[in-house]
Amino acid sequence: MLSAELKAFYMVARLGSITQAAKKLGLSQPTVTTQIRNLESQYSVELFYRGGRRLSVSEEGARLLPMVKVLMQQEADIEFFLRNCGQVQGTLRIAATAPYYILDLVKTFRERLPQVEVSVEIGNSQQVLEALEEYRVDVAASSQLLDDARLIRRVLGSDPLVLAVHRNHPLAVHDHVPLGALAGHTLLMREPGSTTRRLTEELLASAGVSFGPLLEIGSRESIREAVLRNIGISIIARQEVPHDPQLRVLTIEKAPQIPEYLYCLKERKGARLPAAFLGLAQEVSGC
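Residue numbers for the sequence shown follow our numbering, so the first one is 651 and each next one is one higher.
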(Lines of atoms letter the chains of each structure in order from A; the text may use other names.)
(Lines give C-alpha, C1' and ligand atoms only; values in the text may rest on other atoms or scores of the structure.)
Protein backbone atom coordinates (compact mmCIF):
# COMPACT_ATOMS: atom_id res chain seq x y z
CA MET A 651 0.00 0.00 0.00
CA LEU A 652 0.97 3.64 -0.49
CA SER A 653 3.57 4.92 1.97
CA ALA A 654 2.58 7.34 4.71
CA GLU A 655 5.18 9.81 3.38
CA LEU A 656 3.60 9.93 -0.08
CA LYS A 657 0.13 10.34 1.42
CA ALA A 658 1.41 13.20 3.55
CA PHE A 659 3.01 14.83 0.49
CA TYR A 660 -0.22 14.51 -1.51
CA MET A 661 -2.41 16.06 1.19
CA VAL A 662 -0.04 18.93 1.91
CA ALA A 663 0.37 19.68 -1.80
CA ARG A 664 -3.36 19.52 -2.39
CA LEU A 665 -4.41 21.59 0.63
CA GLY A 666 -1.40 23.90 0.78
CA SER A 667 -1.23 23.57 4.53
CA ILE A 668 0.43 21.14 6.92
CA THR A 669 -2.22 21.98 9.53
CA GLN A 670 -5.10 21.07 7.20
CA ALA A 671 -3.29 17.99 5.88
CA ALA A 672 -2.66 16.73 9.42
CA LYS A 673 -6.33 17.18 10.27
CA LYS A 674 -7.42 15.31 7.13
CA LEU A 675 -4.97 12.44 7.81
CA GLY A 676 -5.77 12.25 11.52
CA LEU A 677 -2.15 12.95 12.45
CA SER A 678 -0.27 15.60 14.38
CA GLN A 679 1.41 18.47 12.56
CA PRO A 680 4.93 17.39 13.67
CA THR A 681 4.28 13.88 12.32
CA VAL A 682 3.28 15.21 8.89
CA THR A 683 6.26 17.59 8.86
CA THR A 684 8.60 14.71 9.69
CA GLN A 685 7.08 12.51 6.97
CA ILE A 686 7.62 15.23 4.36
CA ARG A 687 11.21 15.86 5.45
CA ASN A 688 11.96 12.12 5.49
CA LEU A 689 10.71 11.79 1.92
CA GLU A 690 12.80 14.76 0.76
CA SER A 691 15.87 13.51 2.63
CA GLN A 692 15.58 9.94 1.34
CA TYR A 693 15.60 11.05 -2.30
CA SER A 694 17.57 14.31 -1.94
CA VAL A 695 14.76 16.34 -3.48
CA GLU A 696 12.97 19.53 -2.48
CA LEU A 697 9.22 19.00 -2.83
CA PHE A 698 8.13 22.30 -1.27
CA TYR A 699 9.44 25.83 -1.18
CA ARG A 700 9.38 27.21 2.34
CA GLY A 701 9.29 30.92 3.03
CA GLY A 702 8.39 31.85 6.56
CA ARG A 703 4.89 30.48 7.16
CA ARG A 704 4.21 29.99 3.46
CA LEU A 705 4.47 26.63 1.75
CA SER A 706 4.31 26.11 -2.01
CA VAL A 707 4.92 23.08 -4.21
CA SER A 708 8.29 23.01 -5.97
CA GLU A 709 8.72 22.12 -9.64
CA GLU A 710 9.67 18.58 -8.67
CA GLY A 711 6.70 18.37 -6.33
CA ALA A 712 4.33 19.55 -9.07
CA ARG A 713 5.61 16.79 -11.36
CA LEU A 714 5.26 14.17 -8.62
CA LEU A 715 1.74 15.16 -7.57
CA PRO A 716 -0.25 13.63 -10.50
CA MET A 717 1.74 10.39 -10.20
CA VAL A 718 0.90 10.08 -6.52
CA LYS A 719 -2.76 10.83 -7.28
CA VAL A 720 -2.82 7.88 -9.70
CA LEU A 721 -1.30 5.64 -7.03
CA MET A 722 -3.87 6.77 -4.48
CA GLN A 723 -6.70 5.99 -6.89
CA GLN A 724 -5.25 2.55 -7.60
CA GLU A 725 -4.93 1.82 -3.90
CA ALA A 726 -8.52 2.94 -3.32
CA ASP A 727 -9.70 0.72 -6.18
CA ILE A 728 -7.90 -2.30 -4.72
CA GLU A 729 -9.37 -1.68 -1.26
CA PHE A 730 -12.81 -1.14 -2.79
CA PHE A 731 -12.58 -4.39 -4.78
CA LEU A 732 -11.50 -6.46 -1.79
CA ARG A 733 -14.18 -4.90 0.40
CA ASN A 734 -17.01 -5.62 -2.03
CA CYS A 735 -16.06 -8.81 -3.85
CA GLY A 736 -17.87 -12.08 -3.35
CA GLN A 737 -21.36 -12.09 -1.87
CA VAL A 738 -23.38 -8.92 -1.25
CA GLN A 739 -21.63 -7.98 1.96
CA GLY A 740 -18.98 -5.58 3.13
CA THR A 741 -19.23 -1.92 4.11
CA LEU A 742 -20.97 0.95 2.37
CA ARG A 743 -19.39 4.29 3.27
CA ILE A 744 -21.61 7.37 3.02
CA ALA A 745 -20.93 11.07 3.48
CA ALA A 746 -23.88 13.44 3.82
CA THR A 747 -24.63 17.08 4.54
CA ALA A 748 -27.80 16.34 6.49
CA PRO A 749 -29.08 13.20 8.22
CA TYR A 750 -32.80 13.46 7.54
CA TYR A 751 -32.76 12.33 3.88
CA ILE A 752 -30.00 9.78 4.09
CA LEU A 753 -31.00 7.97 7.30
CA ASP A 754 -34.38 6.84 5.95
CA LEU A 755 -32.52 5.32 2.99
CA VAL A 756 -29.98 3.70 5.30
CA LYS A 757 -32.80 2.17 7.36
CA THR A 758 -34.43 0.61 4.28
CA PHE A 759 -31.05 -0.45 2.88
CA ARG A 760 -30.14 -2.25 6.11
CA GLU A 761 -33.53 -3.98 6.22
CA ARG A 762 -32.93 -5.35 2.73
CA LEU A 763 -29.25 -6.18 3.24
CA PRO A 764 -28.77 -6.76 6.99
CA GLN A 765 -25.36 -8.38 6.45
CA VAL A 766 -23.94 -5.11 5.04
CA GLU A 767 -22.29 -2.64 7.39
CA VAL A 768 -22.91 1.07 6.81
CA SER A 769 -20.87 4.03 7.99
CA VAL A 770 -22.15 7.62 7.72
CA GLU A 771 -20.10 10.77 8.20
CA ILE A 772 -21.63 14.26 8.27
CA GLY A 773 -20.02 17.41 6.86
CA ASN A 774 -20.76 20.41 4.67
CA SER A 775 -21.19 20.12 0.90
CA GLN A 776 -17.55 20.79 0.12
CA GLN A 777 -16.32 18.23 2.65
CA VAL A 778 -18.58 15.36 1.57
CA LEU A 779 -17.84 15.83 -2.14
CA GLU A 780 -14.12 15.94 -1.42
CA ALA A 781 -14.48 12.66 0.49
CA LEU A 782 -16.13 11.10 -2.58
CA GLU A 783 -13.48 12.44 -4.96
CA GLU A 784 -10.71 11.14 -2.69
CA TYR A 785 -12.29 7.65 -2.50
CA ARG A 786 -12.86 7.92 1.26
CA VAL A 787 -16.57 7.21 0.78
CA ASP A 788 -18.62 5.31 -1.81
CA VAL A 789 -21.58 7.70 -2.14
CA ALA A 790 -22.15 11.29 -1.06
CA ALA A 791 -25.35 13.22 -0.36
CA SER A 792 -25.04 16.96 -0.88
CA SER A 793 -27.24 19.96 -1.57
CA GLN A 794 -24.68 21.27 -4.07
CA LEU A 795 -25.62 20.78 -7.71
CA LEU A 796 -22.68 19.47 -9.73
CA ASP A 797 -22.57 18.84 -13.47
CA ASP A 798 -19.52 16.61 -13.50
CA ALA A 799 -18.99 13.96 -16.15
CA ARG A 800 -17.30 11.74 -13.56
CA LEU A 801 -20.41 11.54 -11.35
CA ILE A 802 -23.82 9.91 -11.32
CA ARG A 803 -26.49 12.05 -9.65
CA ARG A 804 -29.84 11.13 -8.13
CA VAL A 805 -32.36 13.53 -6.55
CA LEU A 806 -33.22 12.73 -2.94
CA GLY A 807 -35.67 15.58 -2.31
CA SER A 808 -35.87 19.28 -1.52
CA ASP A 809 -36.76 21.47 1.42
CA PRO A 810 -37.56 25.22 1.69
CA LEU A 811 -35.31 27.59 3.55
CA VAL A 812 -37.02 29.13 6.58
CA LEU A 813 -36.11 31.53 9.35
CA ALA A 814 -35.59 30.00 12.81
CA VAL A 815 -35.92 32.39 15.76
CA HIS A 816 -36.36 32.10 19.52
CA ARG A 817 -39.96 32.52 20.73
CA ASN A 818 -38.93 35.73 22.57
CA HIS A 819 -37.22 37.29 19.55
CA PRO A 820 -38.95 40.42 18.15
CA LEU A 821 -39.58 38.67 14.81
CA ALA A 822 -41.33 35.73 16.49
CA VAL A 823 -44.72 37.51 16.40
CA HIS A 824 -44.82 37.02 12.61
CA ASP A 825 -45.56 33.93 10.51
CA HIS A 826 -43.93 35.38 7.40
CA VAL A 827 -41.25 38.05 7.10
CA PRO A 828 -39.94 40.09 4.16
CA LEU A 829 -36.19 39.94 3.67
CA GLY A 830 -35.86 43.58 4.73
CA ALA A 831 -37.05 42.63 8.22
CA LEU A 832 -33.79 40.73 8.78
CA ALA A 833 -31.69 43.91 8.56
CA GLY A 834 -29.78 44.68 11.74
CA HIS A 835 -30.37 41.31 13.42
CA THR A 836 -27.51 38.98 14.36
CA LEU A 837 -27.40 36.23 11.74
CA LEU A 838 -26.10 32.76 12.61
CA MET A 839 -24.48 31.16 9.58
CA ARG A 840 -22.58 28.00 8.66
CA GLU A 841 -18.92 27.99 7.62
CA PRO A 842 -17.77 28.66 4.01
CA GLY A 843 -18.37 25.56 1.91
CA SER A 844 -21.93 25.16 3.16
CA THR A 845 -24.63 25.32 0.47
CA THR A 846 -27.08 26.78 3.00
CA ARG A 847 -24.67 29.64 3.62
CA ARG A 848 -24.19 30.26 -0.10
CA LEU A 849 -27.94 30.33 -0.75
CA THR A 850 -28.51 32.63 2.24
CA GLU A 851 -25.85 35.09 1.07
CA GLU A 852 -27.24 35.05 -2.49
CA LEU A 853 -30.81 35.57 -1.23
CA LEU A 854 -29.92 38.56 0.95
CA ALA A 855 -27.60 40.08 -1.65
CA SER A 856 -30.30 39.89 -4.33
CA ALA A 857 -32.61 41.89 -2.05
CA GLY A 858 -29.92 44.36 -1.04
CA VAL A 859 -30.30 43.45 2.63
CA SER A 860 -27.47 44.30 5.03
CA PHE A 861 -27.79 42.05 8.05
CA GLY A 862 -26.31 42.71 11.47
CA PRO A 863 -23.25 41.06 12.97
CA LEU A 864 -22.48 37.65 11.47
CA LEU A 865 -21.81 34.81 13.88
CA GLU A 866 -20.20 31.87 12.06
CA ILE A 867 -20.85 28.46 13.62
CA GLY A 868 -19.44 25.25 12.17
CA SER A 869 -22.36 22.83 12.58
CA ARG A 870 -26.14 22.84 12.24
CA GLU A 871 -26.49 21.40 15.75
CA SER A 872 -24.56 24.33 17.25
CA ILE A 873 -26.64 26.80 15.23
CA ARG A 874 -29.84 25.28 16.62
CA GLU A 875 -28.46 25.55 20.16
CA ALA A 876 -27.51 29.19 19.55
CA VAL A 877 -31.03 30.00 18.33
CA LEU A 878 -32.46 28.25 21.39
CA ARG A 879 -30.37 30.61 23.53
CA ASN A 880 -31.67 33.61 21.55
CA ILE A 881 -28.15 34.53 20.44
CA GLY A 882 -29.34 35.24 16.91
CA ILE A 883 -31.53 34.12 14.03
CA SER A 884 -30.72 31.64 11.26
CA ILE A 885 -31.92 30.75 7.77
CA ILE A 886 -31.89 26.95 7.54
CA ALA A 887 -33.71 24.10 5.81
CA ARG A 888 -37.16 23.43 7.27
CA GLN A 889 -36.41 19.85 8.29
CA GLU A 890 -33.34 20.98 10.22
CA VAL A 891 -35.48 22.90 12.73
CA PRO A 892 -36.20 20.69 15.75
CA HIS A 893 -39.67 20.47 17.29
CA ASP A 894 -39.11 22.69 20.31
CA PRO A 895 -41.61 25.04 22.00
CA GLN A 896 -38.83 27.61 22.41
CA LEU A 897 -38.45 27.98 18.61
CA ARG A 898 -40.54 29.67 15.96
CA VAL A 899 -40.33 28.87 12.26
CA LEU A 900 -41.11 31.74 9.89
CA THR A 901 -41.48 31.61 6.14
CA ILE A 902 -39.38 34.20 4.32
CA GLU A 903 -39.81 36.16 1.14
CA LYS A 904 -38.45 34.55 -2.04
CA ALA A 905 -37.09 31.59 -0.08
CA PRO A 906 -35.57 29.01 -2.42
CA GLN A 907 -35.89 25.27 -2.11
CA ILE A 908 -32.68 23.63 -0.95
CA PRO A 909 -32.22 20.34 -2.85
CA GLU A 910 -30.41 17.20 -1.80
CA TYR A 911 -28.60 15.00 -4.31
CA LEU A 912 -26.92 11.62 -4.09
CA TYR A 913 -23.63 11.27 -5.96
CA CYS A 914 -21.48 8.30 -6.92
CA LEU A 915 -18.40 8.05 -9.12
CA LYS A 916 -19.34 6.57 -12.51
CA GLU A 917 -16.38 4.21 -12.37
CA ARG A 918 -18.00 2.52 -9.36
CA LYS A 919 -21.63 2.49 -10.45
CA GLY A 920 -21.40 -1.24 -11.21
CA ALA A 921 -20.15 -2.22 -7.75
CA ARG A 922 -22.79 -4.09 -5.77
CA LEU A 923 -23.24 -1.85 -2.75
CA PRO A 924 -23.19 1.60 -4.40
CA ALA A 925 -25.41 0.28 -7.20
CA ALA A 926 -27.91 -1.11 -4.67
CA PHE A 927 -27.99 2.17 -2.75
CA LEU A 928 -28.40 4.26 -5.93
CA GLY A 929 -31.21 1.98 -7.04
CA LEU A 930 -32.95 2.37 -3.71
CA ALA A 931 -32.64 6.16 -3.88
CA GLN A 932 -34.16 6.18 -7.36
CA GLU A 933 -36.94 3.85 -6.23
CA VAL A 934 -37.84 6.03 -3.23
CA SER A 935 -37.61 9.42 -4.98
CA GLY A 936 -39.08 8.28 -8.28
CA CYS A 937 -36.44 10.37 -10.11
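Beta carbons are placed, not taken as given, at the ideal position from N, Cα and C, and that holds for glycine.
All values reported here derive from a predicted model rather than from experimental measurement.
At the level of alpha carbons, what is the spacing between residue i and residue j?
i	j	result
residue 921	residue 794	24 Å
residue 848	residue 883	16 Å
residue 867	residue 692	43 Å
residue 900	residue 696	57 Å
residue 744	residue 826	36 Å
residue 756	residue 710	45 Å
residue 699	residue 672	18 Å
residue 704	residue 789	35 Å
residue 914	residue 779	10 Å
residue 688	residue 768	37 Å
residue 838	residue 668	30 Å
residue 593	residue 771	For residue 593 there is no data in the structure shown, the boundaries of the chain being 651 and 937.
residue 726	residue 919	15 Å
residue 681	residue 690	14 Å
residue 889	residue 807	11 Å
residue 742	residue 917	16 Å
residue 759	residue 923	10 Å
residue 836	residue 861	7 Å
residue 792	residue 925	18 Å
residue 750	residue 823	28 Å
residue 675	residue 764	31 Å
In three-state terms, what does DSSP make of residue i?
i	result
residue 924	helix
residue 901	strand
residue 768	strand
residue 797	coil
residue 707	strand
residue 750	helix
residue 830	helix
residue 907	strand
residue 879	coil
residue 787	coil
residue 763	coil
residue 858	coil
residue 884	strand
residue 741	strand
residue 713	helix
So, at 6 Å on beta carbons, what are the nonlocal neighbours of residue i in its own chain, with the 5 sequence-adjacent residues on each side left out?
i	result
residue 656	718
residue 873	838, 867 and 884
Excluding sequence positions up to five away, which residues of its chain have a Cβ less than 7 Å from the Cβ of residue i?
i	result
residue 708	696, 697, 698 and 699
Within the same chain, show all residues whose beta-carbon is closer than 8 Å to that of residue i, passing over the 5 residues directly before and after it, in chain order.
i	result
residue 904	829, 853, 856 and 857
residue 908	793, 808, 809, 810, 811, 845, 846, 849 and 887
residue 896	816, 817 and 878
(message) Would you call the segment 655-667 in contact with the segment 709-726, where contact means no fewer than 3 C-beta pairs closer than 8 Å?
(response) yes
(message) Which runs of the alpha helix (DSSP H) at least 4 residues long sit entirely within the segment 658-695? Give them in chain order.
(response) 668-675 and 679-693
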